[in-house]
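J.: First the structure, which I've put down as structure tokens, then a few questions once you've had a look.
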Amino acid sequence: MGPEHVFRTQVVGAAVLDDAENPTHFLAAQRAYPETLRGMWEFPGGKADPDDASCEAALIRECSEELDVQLRLLDEIPGPHAQGWPLKESSAMRVWTAVVTGGELMLGPQYDGADHLDLRWIPLHDDGAAARDLEWIPADRPIVEALLARLR
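Here the sequence shown stands for residues 1 to 152, where the numbers follow full-length UniProt numbering.
What follows is the structure, given as structure tokens:
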């Protein structure tokens with residue numbers, strides 16, 4: 001996929017940190033569906049809608065809907081493509097570091113936890129070992145590595 005490739009679906013994700021200045025943990029979410037990805041870990045987020053003002057607005061909306069929290073976005077973790085990190089032929093994900101500014105992390109109360117099976121704070125003090133031990137959705141692995149490199 002060259003730089004001119006346009007991904008039909010824009011996905012947004014958050015690498016939620018426990019602290020903006022001195023993070024010691026980041027948040028991972030365990031997928032509930034589809035069955036092929038059930039139980040695997042990912043960054044919380046979702047698809048940008050045409051009526052979202054921006055990818056950043058889409059991410060804030062998605063995390064409010066799925067996790068019942070308000071986020072302050074920090075920095076984008078730039079991917080290899082203008083649309084971020086390729087997930088598959090038709091979709092790519094832009095990812096930002098973020099911190100929770102309000103609400104309490106929940107498994108989507110209005111969805112009865114339909115999006116995620118679990119949420120887990122992953123420690124960063126072990127040079128990324130805990131993060132690498134999780135079974136990540138394959139497309140998210142390079143993003144995890146980019147996040148770990150950025151936070152070193």
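C-beta: ideal position from N, C-alpha, C; glycine also.
#1: Which residue or residues does DSSP assign as beta-bridge partners of V119?
#2: Which same chain residues end up closer than 6 Å to V6 when comparing Cβ atoms and leaving out the 5 residues on each side of it in sequence?
#3: Does DSSP put V69 in a helix, in a strand, or in coil?
#4: Cβ of A98 within 7 Å of Cβ of V12?
#5: Out of P50, A146, A53 and L117, point me to the one whose CA is closest to L37's CA.
#6: Who does H125 pair with in a DSSP beta bridge?
#7: For R72 and A146, I'd like the C-alpha separation in whole angstroms.
#8: Enumerate, from N- to C-terminal direction, the unbroken beta strand (DSSP E) stretches of 3 or more residues contained entirely within the stretch 35-59.
#9: How big is the Cα-Cα spacing for R94 and L105?
#10: What does the alpha-carbon distance come out to for the pair F43 and D133?
#11: So the alpha helix (DSSP H) R141 belongs to, where does it begin and stop?
#12: Among residues of its own chain, excluding the 5 on either side of T101, which ones have a beta-carbon nearer than 6 Å to its beta-carbon?
#13: For my contact list, D115 and A20 are in at a C-beta cut-off of 8 Å; report their separation, rounded to the angstrom.
#14: Is W85 near I143, with beta carbons less than 7 Å apart?
T.: Let's see:
#1: Position 119 of the sequence shown holds residue 119. For the record, residue 119 in the displayed sequence is Leu; it is not Val. Its beta-bridge partners are A29.
#2: As a first step, residue 6 must be located in the sequence shown, where it is residue number 6. If we look at V6 and ignore the five residues flanking it on each side, it has no Cβ neighbours.
#3: If you number the sequence shown from 1, residue 69 lands on position 69. Strand at V69.
#4: Mapped onto the sequence shown, residue 98 falls at position 98. Mapped onto the sequence shown, residue 12 falls at position 12. No, the pair does not count as a contact, with Cβ atoms beyond the cut-off.
#5: Within the sequence shown, residue 37 is the residue found at index 37, counting from 1. Of the candidates P50, A146, A53 and L117, the one whose C-alpha sits nearest the C-alpha of L37 is L117.
#6: Taking the first residue of the sequence shown as position 1, residue 125 is located at position 125. Its beta-bridge partners do not exist; DSSP assigns none.
#7: As a position in the sequence shown, residue 72 is number 72, starting the count at 1. As a position in the sequence shown, residue 146 is number 146, starting the count at 1. One C-alpha to the other measures close to 20 Å.
#8: 45-47
#9: Taking the sequence shown and counting its residues from 1, one reaches residue 94 at position 94. Taking the sequence shown and counting its residues from 1, one reaches residue 105 at position 105. Distance between the alpha carbons of R94 and L105: 22 Å.
#10: The residue given as residue 43 occupies position 43 in the sequence shown. The residue given as residue 133 occupies position 133 in the sequence shown. For F43 and D133, the distance between alpha carbons rounds to 15 Å.
#11: Looking up residue 141 in the sequence shown gives position 141. Residues R141 to L151.
#12: As a first step, residue 101 must be located in the sequence shown, where it is residue number 101. Correct list, in chain order: Q70 and R72.
#13: Start at 1 with the first residue of the sequence shown, and residue 115 comes out as number 115. Start at 1 with the first residue of the sequence shown, and residue 20 comes out as number 20. Incorrect: roughly 25 Å between the Cβ atoms, too far for contact.
#14: Residue mapping note: residue 85 aligns to position 85 of the sequence shown, counting from 1. Residue mapping note: residue 143 aligns to position 143 of the sequence shown, counting from 1. Taking 7 Å as the Cβ cut-off, W85 and I143 qualify as a contacting pair.
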